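J.: Here you go, one structure.
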Ligand SMILES: NC(=O)c1ccc[n+]([C@@H]2O[C@H](COP(=O)([O-])OP(=O)(O)OC[C@H]3O[C@@H](n4cnc5c(N)ncnc54)[C@H](OP(=O)(O)O)[C@@H]3O)[C@@H](O)[C@H]2O)c1
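In the working numbering, the protein residues as written are 1 to 304.
So this is what it looks like as structure tokens:
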């Protein structure tokens, strides 16, 4: 993905036809907001916005039945295609798997409203998204979501940075999603997300790797007994990490790579998160709880 983005930036973009979004004087009044796409997190973000009286559009083209069901439950309106959505929306919020963030931004080329990338991407990738958007006369706000899909207050923060961050924060006022403006660079929100997820998901990968090592060396029972004595939370955390790896590891590969790139760009060692990406890459993709998650993940990590 990183290899293809510069060519996109160099292409002559065809502006979307129809009335462009008018962002001048954006207030906290009801807006038409495009949501790409209503996944587990995106649908909950959309529900926050419809609950505030905003009209939220999504685009069914190319999406599956689960996404359609989530969009319906969140009372989002299907605009059909991303191009149609971009013609109507004043604000577009991208909430998608990190590896798709650049493609999603590219799909709205010509959009001249306010574009929020709320994905787990590096400040460098966020800068590429910002360049795409601003080249077509849109305005970019950087975002990063921390917490579970927001159903009730107190669980989830949307960090925002950039000149229009306050405007986006205003859209969520009074909703379960707490918007926080981060001072600093235009991509500071992505930096917050990278530093946060680098620990939560990076440490999950490390635990899985070490438990797999103990199993391969025939000392897992001894390690579990020692954990019980001195680190009693680790057995449960490693089991939780295995469940997460099965359900979301496919999406976390790119997130770990984005964190590694962030570390490298900051002059810090990137090997932790390159390895974490490999741990999640080796994990099978299967969200069905069956009680044997640890066995399945550890077997896959060791290649057995
Ligand atoms: N879930 C969480 O608890 C959580 C927490 C914090 C932050 N986030 C952030 O939220 C973002 C999305 O997470 P999520 O949990 O909503 O993911 P998700 O449930 O897997 O949903 C992803 C959505 O994006 C669509 N999608 C999948 N592959 C795509 C592609 N290649 N191009 C365009 N769209 C694609 C999916 O549509 P189809 O499946 O229908 O194709 C789906 O609607 C991520 O950046 C993540 O870091 C999530």
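Using N, Cα and C, we set each Cβ at its ideal position, and we do this for glycine too. Given the structure is predicted, the values throughout are model-derived calculations rather than measurements.
DSSP on residue 257, reduced to helix/strand/coil?
T.: Counting from 1 along the chain shown, the entry for residue 257 is found at position 257. Correct three-state label for residue 257: helix.
J.: I need the DSSP call for residue 105, collapsed to helix, strand or coil.
T.: Residue mapping note: residue 105 aligns to position 105 of the chain shown, counting from 1. It is helical.
J.: Short check: CB of residue 138 to CB of residue 97, under 9 Å?
T.: Within the chain shown, the letter at position 138 stands for residue 138. Within the chain shown, the letter at position 97 stands for residue 97. No.
J.: Would you say residue 31 and residue 171 are within 9 Å of each other, going by their C-beta atoms?
T.: Along the chain shown, read from residue 1 onward, the residue named residue 31 stands at position 31. Along the chain shown, read from residue 1 onward, the residue named residue 171 stands at position 171. Yes, the pair counts as a contact, with Cβ atoms nearer than the cut-off.
J.: Taking buried to mean at least 16 other C-beta atoms within 10 Å of its own C-beta, is residue 262 buried or exposed?
T.: For the purposes of this step, residue 262 is identified with residue 262 of the chain shown, where counting begins at 1. Residue 262 is buried by the Cβ-count criterion.
J.: Please go through the same chain and pick out, in chain order, the residues whose beta-carbon is closer than 6 Å to the beta-carbon of residue 260, but skip the five residues on each side of it.
T.: Translated into the one-based positions of the chain shown, residue 260 becomes position 260. The residues are 270, 273 and 274.
J.: Would you tell me roughly how many angstroms separate the C-alpha atoms of residue 25 and residue 48, rounded to the nearest one?
T.: As a first step, residue 25 must be located in the chain shown, where it is residue number 25. As a first step, residue 48 must be located in the chain shown, where it is residue number 48. The predicted model places residue 25 with a pLDDT of 37, which falls under 50 and marks its position as unreliable, so this point remains unresolved.
J.: Under three-state DSSP, which class holds residue 126?
T.: Within the chain shown, numbered from 1, the residue matching residue 126 stands at position 126. It is helical.
J.: Buried or exposed for residue 19, going by 16 or more other Cβ atoms inside 10 Å?
T.: Residue mapping note: residue 19 aligns to position 19 of the chain shown, counting from 1. Per-residue confidence for residue 19 stands at a pLDDT of 34, beneath the threshold of 50, marking its modelled position as unreliable; the derived number appears in the next sentence. By the 10 Å Cβ count, residue 19 comes out exposed.
J.: Report the rounded CA-to-CA distance for residue 289 versus residue 300, giving the unit in angstroms.
T.: Working through the chain shown from its first residue, we reach residue 289 at position 289. Working through the chain shown from its first residue, we reach residue 300 at position 300. When rounded, the distance between both Cα atoms is 16 Å.
J.: Count the CB pairs spanning the stretch 117 to 129 and the stretch 185 to 199 that are closer than 8 Å, and state whether there are at least three.
T.: These segments touch.
J.: Is the beta carbon of residue 265 closer than 9 Å to that of residue 205?
T.: For the purposes of this step, residue 205 is identified with residue 205 of the chain shown, where counting begins at 1. For the purposes of this step, residue 265 is identified with residue 265 of the chain shown, where counting begins at 1. No, the Cβ-Cβ distance between residue 205 and residue 265 is not below 9 Å.
J.: By the 10 Å Cβ neighbour count, where 16 or more other Cβ atoms means buried, how is residue 142 classified, buried or exposed?
T.: By one-based count along the chain shown, residue 142 stands at place 142. Answer is buried; the Cβ neighbour count reaches 16.
J.: Using the Cβ count rule (16 or more neighbours within 10 Å means buried), how would you classify residue 53?
T.: On the chain shown, residue 53 is found 53 positions in, with the first residue counted as 1. Exposed: under 16 other Cβ atoms inside 10 Å.
J.: Which residues mark the beginning and the end of the beta strand (DSSP E) in which residue 55 is found?
T.: Start at 1 with the first residue of the chain shown, and residue 55 comes out as number 55. Element bounds for residue 55: 55 to 58.
J.: Taking C-beta to C-beta, are residue 129 and residue 37 nearer than 9 Å?
T.: Counted from its first residue, the chain shown places residue 129 at position 129. Counted from its first residue, the chain shown places residue 37 at position 37. Not a contact, by the Cβ cut-off of 9 Å.
J.: Taking only the alpha-carbon atoms, compute the straight-line gap between residue 214 and residue 243 and give it to the nearest angstrom.
T.: Reading the chain shown from its first residue, position 214 is the one you call residue 214. Reading the chain shown from its first residue, position 243 is the one you call residue 243. So the two alpha carbons sit approximately 19 Å from each other.
J.: I need the boundaries of the beta strand (DSSP E) containing residue 157, first residue and last residue.
T.: If you number the chain shown from 1, residue 157 lands on position 157. First-last of the beta strand (DSSP E) with residue 157: 156 to 161.
J.: Give me the residue from 113, 99, 256 and 93 with the minimum Cα distance to residue 199.
T.: The count along the chain shown starts at 1 and reaches residue 199 at position 199. For residue 199, the nearest C-alpha among the options comes from 256.
J.: Less than 7 Å between C-beta atoms, sequence neighbours within five positions excluded: which residues of the same chain meet that for residue 107?
T.: On the chain shown, residue 107 is found 107 positions in, with the first residue counted as 1. Only 82 meet the Cβ criterion.
J.: Looking at ligand 1, does it come within less than 8 Å of residue 99, judged from the CB to the closest heavy atom?
T.: Locating residue 99 in the chain shown gives position 99, where the first residue counts as 1. It does: the Cβ of residue 99 is within 8 Å (strictly closer) of some heavy atom of ligand 1.
J.: Would you mind stating whether residue 175 and residue 114 have Cβ atoms separated by less than 9 Å?
T.: Within the chain shown, numbered from 1, the residue matching residue 175 stands at position 175. Within the chain shown, numbered from 1, the residue matching residue 114 stands at position 114. No.
J.: Thinking C-alpha only, which one of 70, 136 and 251 is nearest residue 285?
T.: In the chain shown, the residue the question calls residue 285 occupies position 285. Residue 251 is the option with its Cα nearest to residue 285.
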